[in-house]
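Asks: Chains as they are written, first to last, in my numbering: chain X, 13 to 407; chain F, 404 to 633; chain A, 88 to 474. Note that the Cβ used here is the ideal one computed from N, Cα and C, for glycine as well.
1. If we ignore side chains and look at the alpha-carbon of each, how far apart do residue 440 (chain A) and residue 329 (chain A) end up?
2. For the pair the stretch 373-380 of chain X and the stretch 355-363 of chain A, tell me if three or more CB-CB distances fall below 8 Å.
3. Counting only Cβ pairs nearer than 9 Å, list the residues of chain A close to residue 33 (chain X).
4. Could you please give the first and the last residue of the uninterrupted beta strand (DSSP E) stretch that includes residue 616 (chain F)?
5. With a 10 Å radius around its C-beta and 16 neighbouring C-beta atoms as the bar for buried, classify residue 157 (chain A) as buried or exposed.
6. Who are the neighbours of residue 511 (chain A) on chain X, taking C-beta pairs under 9 Å?
7. Classify residue 388 (chain A) as helix, strand or coil using the three-state DSSP reduction.
8. Could you check which residue in F:408, F:452, F:485, F:460 has the C-alpha nearest to that of residue 388 (chain A)?
9. Find out if the Cβ-Cβ distance for the pair residue 155 (chain X), residue 165 (chain X) is shorter than 8 Å.
10. Suppose the cutoff is 6 Å on Cβ atoms and the five residues either side in sequence are ignored; what does the same chain contact list for residue 338 (chain X) look like?
11. Quick one: Cα of residue 307 (chain X) to Cα of residue 19 (chain X), how far?
12. My output table needs one value for residue 283 (chain X): the three-state DSSP class, helix, strand or coil.
13. Whether or not the stretch 245-264 of chain A and the stretch 318-336 of chain A are in contact is what I'm after, with contact meaning three or more pairs of Cβ atoms, one per stretch, closer than 8 Å; do they touch?
14. So what's residue 238 (chain A) in DSSP terms, helix, strand or just coil?
15. Please list the residues of the stretch 224-246 of chain A that have a C-beta atom closer than 8 Å to any C-beta atom in chain X, keeping them in chain order.
16. Just to confirm the assignment: which complete beta strand (DSSP E) runs, minimum length 3, are found wholly within the stretch 82-157 of chain X?
17. In angstroms, rounded to a whole number, what distance separates the CA positions of residue 602 (chain F) and residue 455 (chain F)?
18. Figure out for me which residue from A:252, A:327, A:113 has the closest Cα to the Cα of residue 311 (chain A).
19. On the CB-based measure, 16 or more other CB atoms within 10 Å of its CB, does residue 200 (chain X) come out buried or exposed?
20. Determine contact between the stretch 557-565 of chain F and the stretch 507-518 of chain F, defined as no fewer than three beta-carbon pairs at a distance below 8 Å.
21. For residue 95 (chain X), which residues from the same chain have a beta carbon less than 6 Å from its beta carbon, with the 5 sequence-adjacent residues on both sides left out?
22. With 16 other CB atoms within 10 Å as the buried threshold, where does residue 99 (chain A) fall?
23. Quick one: list the residues of chain X neighbouring residue 355 (chain A), beta-carbon separation under 7 Å, in chain order.
24. Ignoring anything shorter than 4 residues or poking outside the stretch 151-229 of chain X, list the alpha helix (DSSP H) runs there in chain order.
25. Ignore the nearest five residues each way along the sequence and tell me which others in residue 268 (chain A)'s own chain have a CB closer than 6 Å to its CB.
26. Anyone know if the C-beta pair for residue 335 (chain A) and residue 137 (chain A) falls short of 8 Å?
27. For the 8 Å Cβ check, are there 3 or more pairs between the stretch 141-150 of chain A and the stretch 298-314 of chain A?
28. Going by CA-CA distance only, name the one from X:152, X:246, X:236 that's closest to residue 256 (chain X).
29. What is the DSSP secondary structure of residue 582 (chain F), reduced to helix, strand or coil?
30. Can you tell me which residues form a DSSP beta bridge with residue 414 (chain F)?
31. If we ignore side chains and look at the alpha-carbon of each, how far apart do residue 471 (chain A) and residue 378 (chain A) end up?
32. Could you say which of A:425, A:442, A:162, A:437 lies nearest to residue 230 (chain A) if we only look at CA atoms?
33. Once the 5 residues before and after residue 423 (chain A) are set aside, which same chain residues still bring their CB inside 7 Å of it?
34. Taking the continuous alpha helix (DSSP H) assigned at residue 240 (chain X), which residues delimit it?
35. For the stretch 330-349 of chain X, which residues have a CB atom closer than 7 Å to at least one CB atom of chain A, in sequence order?
36. Of the choices X:15, X:14, X:24, whose alpha-carbon is the least far from that of residue 327 (chain X)?
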C-alpha cells in the first residue's frame, strides 16, 4: 500500500511543473494567508513580550489602592517614607533600601512623520534609578543631573519620536527640557519613555507627588512577596496596593494583545476560507487533467486509497511550500519591525518590535496544512470515484 | 456565365521548423454556382487546405481566390470575418457545437452578427432547424443529441444566415453509414432544392457519390475531375 | 445584450471552477468590506465631530489638570458662545473589562453643547432639579440593564473620596440617545455631576480636565482658539486649543498608521486573488480554444472575441465582488451588537462600494486582458487542427 501511495504521489508531483500556474495558486494563496496571520500575531506577540519582559519577579510596585495604572495613582511623600523602610526590601552595601519613588506623567510629543502629538511617558525618577533597574544603562551621552531640567530618552523613544537627539529639547512641563542622554533597558517598556529628574519635575509641576514606589525584594520567592504584601496590609497608615512588576505590566497588555490577536485570527480566518476555494479549484483541475492517468493506474490495479492519499499529499505539499514562503516573508519583513501605538490601558505610547516566534510559525504551517487538506479532500474523493472505463474511453 | 468560385495559380505553403513545406501548387479551379463538389484525396493531399482557402479561414501564399466576384486576398482579417459571416456556412467533422449552449442557441450564433432582432432570429432558427428536421430538439444540449442529430444542428447553423456557399470538412467522418447517408441526403436536398453551392471534403467514395462533381487532389495538385450529371 | 446567453454559458462552462473562483473573490471582498467599515468606524469620530467646537486642554498633555477658574475666562472670550468642562473619571463598573468612559462635567451645559445627544424632556427637568444626577448612553444602559432611578456603583481608579474610599455611587436621572444611530459609538459614555464629585473627592478639588467651547457662528475657530491660549499663556496653567475635529484626528493618529496596516492586508489578498482569478481565466480560455475558433469561423471578428472574454472576466469579478461587499452589508448589523461600542460606527458607505467595485474592475481587466488577447489573435486553422 505504502509503495503504491509513494508511486502515485511521485507521479503527481512530477506533473506539477506542467501545471505551474495553477499550483502557484495554492502556494501563493496559502502563503498570503499564513503571511498575514503571522504578521498580525507577531505584532500581538511583540507587544505582549515588551510589556511582560519589564521588571523582574523580585521587584514589586506600590500604587494607591484602587489605581489600575501609574497614571491613575497618586502617592504623597509620607507614603514613600513609610514604604521604603518596610521590612523585606533588599538593602545595599551602605544599608540603604533599594527602592525608588517615581512620578509618571504624559507629554505630547510628535512621533516621527506625524503632525500631532502622542501621549509619551515622562518618568520622574532619580539619577540612581539603576539601583532598582540594573538592566537599564546609559548608552549615549550622560545621565541627567539631580534637580536639573534634563532628559534621557529610551532607545525606543529615540527611534519612534521626532527630535529626540542629544542636544535637542523636548516639551515636558513648564517649557522644553534638554536631552542629555540615551538609555537602553533590554527592550522593555521603559525604552519608550523619557526619564527626567523627579525633583525637577516636582518643581515644574508645583506638586511633590509620586505615582508609584518600586522596590527590590530580598529574593523572588512568592513567600517573600506575600510577606511584603502583608506588611503593607498591616500598616494602618497605608492605603496602597502592591504587585510584582511583571504582573503589573502583563495586566496592562491584555486588552490590546487580545484585540490584535482577534483581528489577526479573524482576518486570517476569512482569508483561509478564500484560500480553500482556491485550493479546491486547483486540485479539481489537477484531478481532471489527470483523469486518464488515474484511470490507467486504476485499470492496472492500483487501489482507490493510494489515489486519494496522493492527491491529498500533493495539496498538503503545495500548502506547506506556501506556508514556508509566507512565513519566510513575514519573518524577513516584520521580525524586529518596530512600531509605536497607544496602549489604551495605560493611555500612553508603547514602542515594540514584531516578534515572529517558532510557535507562530508552527501555527501558520498548521493552518496551511488544514487549508491544503480541506482543499484536497473533495477532489481526491472525486479522483477515487472516477469511473475507470469511461475515463479511458473519453481519451 | 462567370463561375461562383475562381482559383488562379493558388499556391500555399506552411513554414515548419524554418522550412517551407509546400501544400498546394499553382492550382487553378472554377466552381459554378449550384455545384455540389466533393474534394477527395489521400491524407496530406491538401484538400482541407484548399477548403480553408475557399472558406476564407486561411490565405493563399500566392495566387488569387475570388468568390462571387470578391477577391479574398485584399481583405483584412476583420473584413474576412464579416465576409464569412455573410457568405459561408461551415460544417465540421466533429460538429463543433458549443457544448454549453442549446441546439437553438448554437444555430443562432451566426445571426448574432446580423442586425436581426431576437424575434426575427428565433424565426430563422426555427426555420433552419425545421429544414434539418430537428424542430423538436431545439432546447437540447449537444451532449443530449446523437452524432447524426448533432451534425444536422451544425448544418442548420451553417444554413441559418442563408450563405451562398456551404463548406463541409468530412461532415460524415464521425458517423455510421446509415446516419451518414441521412446527412448526405440532407446536403443533397439543400443543393438541389435550395440551390446551395456545397464544397465537401471527404475521403469516403460513397459520400462523394452524393455530389454532382468530384475533384481528386494529390500532393497539392488536381489529378482528376469527374462530373456526374444530376 | 444578445450576446448575454453566450457570455453566461461560457461562464458556467465548468461550474465548480466558476463557483470556487467566484467564492474566493466574494470572500476577499467581504474582507475588504469589513476592513473598510472598521476603518470607517475608527474615523467616524473625526467625521462626526463639529468644527464649531473647540477643545482646550493643558499645553503639554490632555492629561494635565486645569483650574476651574479658566472656565469663566473662556466664556468671556469673544467668539465663544457657550462652554463646558470635563474631567476623566476613569472608574470601573464591576470589572475592568466593562470599560466605558465616564466624564465628570456640568451635565446640563455639556448636553447643551452637544445637540446631537437627546434626552427626554422630563429627564432633562429631573436633571435640572437634581444636581447630583448622572446620565448615560442608551447603549450602555441596555448593556448593563440600568434604568432611570437606579443607583450605579462605580469604583474609582483615580479619584478617591474624602475617606480614601473608591466606591462611588451615582443617581441615574437620564438616559440619552444620539439623534443619528450611527453616532452611538462616538457617544457611548456616562456623564457624572461635577459639583457633587468635586465636593466629595479627596484631592484635586477645583481642577478639571479640559474645556469644550462652542464658537459663535461666523467666528473663526482657529482665531478664537488662539485667543484662548493667549489668555492663559503666562498663567501657571497654559493651554492648547484645537477644533474638536483636529483633536479627534490627532487622537486617532496616536494609534499608528491603521490605514497602512489595512492596505497591506488588502494588498496581500488582492495579489493572491490576481493569481487565482488570472489562472482561472487562462484555463477557461485555453480549454475553449476550439470553440472560440468555431466562433471565429462563423464570422466573429477578433475584437468581438476579445470583448467576449473581457466581458466574462468583468462579469465574474464584478458579480462576485458585489456579492462579497453585499454580504458585508448584511453582516455588519449582525456583528455590531456583539462588538465593543467603538465599532458602532461600522458602516458600508457608497464610497466603499465604489472603491470595491473599482478594485474589482481593475482586477477583471488585469486578469481578462491576456486571455482576451489570446482569443483575439487566435489562428483558426491551427486551433481547429487541434483535433
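Replies: On the basis of the coordinates in this document:
1. 33 Å
2. no
3. 362, 365, 366, 369, 370
4. 616-621
5. buried
6. The question about residue 511 (chain A) has no answer, for chain A in this structure spans 88 to 474.
7. coil
8. F:485
9. no
10. 43, 46, 47
11. 15 Å
12. helix
13. no
14. strand
15. 242, 243, 244, 245
16. 111-122, 129-137, 149-153
17. 11 Å
18. A:327
19. buried
20. yes
21. 74, 225
22. exposed
23. 44, 47, 48
24. 167-172, 210-217
25. none
26. no
27. yes
28. X:236
29. helix
30. F:465
31. 9 Å
32. A:425
33. 430, 431, 433
34. 234-246
35. none
36. X:24
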